[in-house]
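Residue numbers 1 to 610, in the working numbering, belong to the letters of the first sequence in order. Built from N, CA and C at the ideal position, the CB exists for glycine as well. Quick caveat, the model's predicted, so the values are computed rather than measured. Encoded as structure tokens, the structure appears first; notes follow it.
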Amino acid sequence: MLLAALAARLEEVAATSSRREKAEVLAGLLRQAGPAELPVLVRYLEGELPQRRTGLGWRSLAGGPPPAAAATLEVLDVDAAMAAAAAEQGPGSTGRRRGHLLDLMGRATAAEQHLVAGLVSGELRQGAQRGVLVEALAGAAGVPAAVVRRALTLSGDVVEVAVAALGADGPAAARAALEAVRLEVGRPVSPMLAASAPDVPAALARTGAAVVEWKLDGVRVQVHRDEGPDGSPRVRVWTRTLEEVTGSLPEVVAAVAALPARTLVLDGEVLLLRPADDADEADDADDADDGVPAWQRRRPAPFQETSSRVATRGARAVAVAAAGAGAGDELPAEQPAPAGAVPGPAVRTSPDAGDGDGDPSPLQLVLFDVLHRDGEDLLDAPLRRRREVLLDLAPHLAVPGAAAAPRADGDEDGDDPSAPAAALAREALARGHEGVVVKGAGSPYAAGRRGAAWVKVKPRLTLDLVVLAVERGSGRRRGQLSNLWLGARDPEGRFGPPGGAVMLGKTFKGLTDAMLAWQTEHLRALAVPDADGREDGYVVHVRPELVVEIALDGVQTSPRYPAGLALRFARVVAHRPDKPAAEADTVAAVEALHAAARGLPDPGRDPDEA
DNA sequence: GTGTTAGCGTC
DNA sequence: CTCGGAT
DNA sequence: ATCCGAGGACGCTAACAC
């Protein structure tokens, strides 16, 4: 297939807003693809390269060659160039990677260059990704989209599914091939996702009879276990996007290898916990005997520390894990030492682990679902049964404090049916966790779906902040002033001139089209020249007069913003032109939120008062 | 050697 | 990860 | 009910720059 043909058809895809039309065009392309092209084409149609990491990005696209006049490139020429780039490593590899790209670009027409640039940068923006591709595959193969979707969630691999759908001889064979795809231990499935609701009653209204669990602020993991030829357990671990992280998580491997089963597919979360005596619960004398597992009494570390540990790979991961393995107080069954791990003198723990006291913390695996055990698929089993299997398997690892909530609407005796769930949510927050997930007790494991069966509930904080600048939008927001720079008042001038504001982050989220239009107009009126005396740059600085109400999930420590704090998941709730900037929230208020989330006293308050 | 940056992953 | 808009 | 794209903060790694 000529690249030019692909580029032309994808322009059609980008030009229509109809998903059905997009899928039809993609289906036409899929039908034309030869067997060798299909795996590559499938990925290109969803706007991605088959190579997960090429080392090429938007930066390497700058200053490319002029377009070629004639369309000579094949789709597979692009793949050859990308494969060559991805294979480069070592000194000089950046230049050689770019060489492969520029060589390709020099042979590409303008339209082809645009397509290649979109694929390399990951910003093809043609309004078609996996969801449209699924419909296209269904159309090309002559089978219902649901059949393709099911196969894809169970295999996690679009290329495999595309080959099954289009390599078959006719719709009947395609359907048979797709329906033959099933869960396999050793091949990750798309994890089930959660919708969200503002509070527990709203969540229960969506789920009906529910199980409620703490929502932990860690990294989602899917853990598979089977047996090697010699009968020894083999464990592999994947993240939410099906990135394999087995080598980063020796603690998880060891923990699952110790479970009493032959084959398993498990779903859970990993996170760092503080040592038990770090929590301010020493006055709670009942803790040790109330049946609460030890790890549930420990506070979570900030997400950044968990993230750091999970992202550390290879030998360093093993070393860090080994250093942390002895630091906790959990039972051996919960956290066995990684087999073969040798903590040597050169072991360097993550600089953040242990809150500066130098003690590495153990990475905790918390399981909340089981998709398969010893030959039995449990995806279609109701949650309450999957939980039974899980608790039977790993009583020490199950999710904390799960409460069974009665039907949200079934109210026999006048008590609030959501009270137990609400109490669990309060406890989760008090212990430093994110919130709760409310899960329909009878629901199957809907891999890859963000349906109503799981509903997360997190508290929403708000701050009134000052707009310091705004960035120009792109794509759908071109021509508008979109991304707001947000600051808190700094009356004492701790981070700048007294009476000024200190920047805490940026957001473009939460804006309706009407709000976007309003802020574009009003911020233009507040624009001031930048350091170069211009007002037409990418960043438009403004007089710090407009107050915006900002929702956020929390405050995190920041290495880049001057106050050392940044906003997590900030989004605009409302513009507040009625509120003077002098009444916006102060950086001290932000510090108080940060301290509260960490279970510390407010640093801005005198501990002797109250 | 030390510090910076792009790419890519997590949320 | 969040959100609004479009299908 | 879904999908898509507008982009946020951080941390690790490899390669670059000095």
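*Go through the stretch 15 to 58 residue by residue and report every complete run of the alpha helix (DSSP H) that reaches 4 residues or more, in order.*
Look at the stretch 15 to 58 and you find these whole runs of alpha helix (DSSP H), each 4 residues long or longer: 19 to 32 and 38 to 45.
*Check V219 in the structure and name its three-state DSSP category.*
strand
*Quick one: Cα of A168 to Cα of A140, how far?*
11 Å
*With distances taken Cα to Cα, identify the nearest neighbour of L102 among R59, G127 and Q126.*
Minimum Cα-Cα distance from L102 among the listed residues R59, G127 and Q126 corresponds to R59.
_Can you tell me which residues form a DSSP beta bridge with K456?_
BP columns for K456 point to S196 and V437.
*For L523 versus L552, is the C-beta distance shorter than 8 Å?*
In this structure, L523 lies away from L552, with their beta-carbon atoms at least 8 Å apart.
*asked:* Please identify the residue among L393, R150 and A276 whose C-alpha is closest to the C-alpha of T263.
replied: L393
*asked:* Taking 8 Å as the threshold (C-beta atoms), are V161 and S155 in contact?
replied: yes
*Which one or two residues does DSSP pair with E251 in a beta bridge?*
In the DSSP output, where bridge partners are listed per residue, E251 has none listed.
_Which of the three DSSP states is assigned to P191 in this structure?_
coil
*To which residues of the same chain is V143 closer than 8 Å at the C-beta, ignoring the five residues directly before and after it?*
Cβ within range, chain order: A165, P171, A174, R175 and L178.
*asked:* Going by DSSP in three states, R274 sits in which element: helix, strand or coil?
replied: In the structure shown, R274 falls within a coil segment according to DSSP collapsed to helix, strand and coil.
*So V539 is in the beta strand (DSSP E); what residue range does that whole segment cover?*
V539 to H541
*Inter-stretch contact at 8 Å, needing at least 3 Cβ pairs: the stretch 383 to 402 / the stretch 303 to 319*: Too few Cβ pairs lie closer than 8 Å, so no.
_Anticipated Cβ contact below 8 Å, A276 with V437, distance rounded_ = About 25 Å separates the two Cβ atoms, so there is no contact after all.
_Does the structure place the stretch 42 to 61 close enough to the stretch 116 to 132 that three or more beta carbon pairs sit under 8 Å?_
These segments touch.
_Alpha carbons only, please: which of P39, E123 and A180 is nearest the one belonging to L137?_
P39
_Please classify E269 as buried or exposed, where buried requires at least 16 other C-beta atoms within 10 Å of its C-beta._
buried
*Which residue comes first and which comes last in the beta strand (DSSP E) that contains G554?*
G554 to T557
*Hey, would you say E434 sits closer than 8 Å to D217, going by beta carbons?*
yes
_Please state whether the Cβ-Cβ distance between T72 and R107 is less than 8 Å._
yes
*Are the beta-carbon atoms belonging to A488 and T557 less than 8 Å from one another?*
no
_By the DSSP assignment, the alpha helix (DSSP H) with S308 in it spans what residues?_
It spans F303 to A311 - the alpha helix (DSSP H) in which S308 sits, taken as one unbroken run.
*asked:* Between which residues of its own chain and R385 is the CB-CB distance below 8 Å, once the five residues before and five after are set aside?
replied: L378
*Three-pair Cβ contact test at 8 Å for the stretch 290 to 298 versus the stretch 240 to 248*: The count of Cβ pairs closer than 8 Å, one atom from the stretch 290 to 298 and one from the stretch 240 to 248, stays below three, leaving the stretches out of contact.
*asked:* Using CA atoms only, rank isn't needed, just tell me which of A319, E74, G231 and L152 is closest to L115.
replied: E74
_So if DSSP puts H396 in a beta bridge, which residue, or which two residues, is it bridged to?_
Partner(s): none; H396 has no beta bridge.
*Given a cut-off of 8 Å, decide if L242 and P198 are closer than it, judged by their beta-carbon atoms.*
A distance of 8 Å or more separates the beta carbons of P198 and L242.
_Nearest-angstrom Cα separation, counted from L273 out to L600_ = 16 Å
*Select from A257, L56, L371 and A258 the residue whose C-alpha is nearest the C-alpha of A83.*
L56
_Buried versus exposed call for E388 [16 or more other C-beta atoms within 10 Å across all chains shown]_ = It is exposed - the Cβ of E388 has fewer than 16 other Cβ atoms within 10 Å.
_Integer-rounded CB distance, given that V292 should sit under 8 Å from A421_ = Between the beta-carbon of A421 and that of V292 there is about 18 Å, and that puts the pair past the 8 Å contact cut.
*State the beta-bridge partners of R478 as determined by DSSP.*
Paired residue(s): G473.
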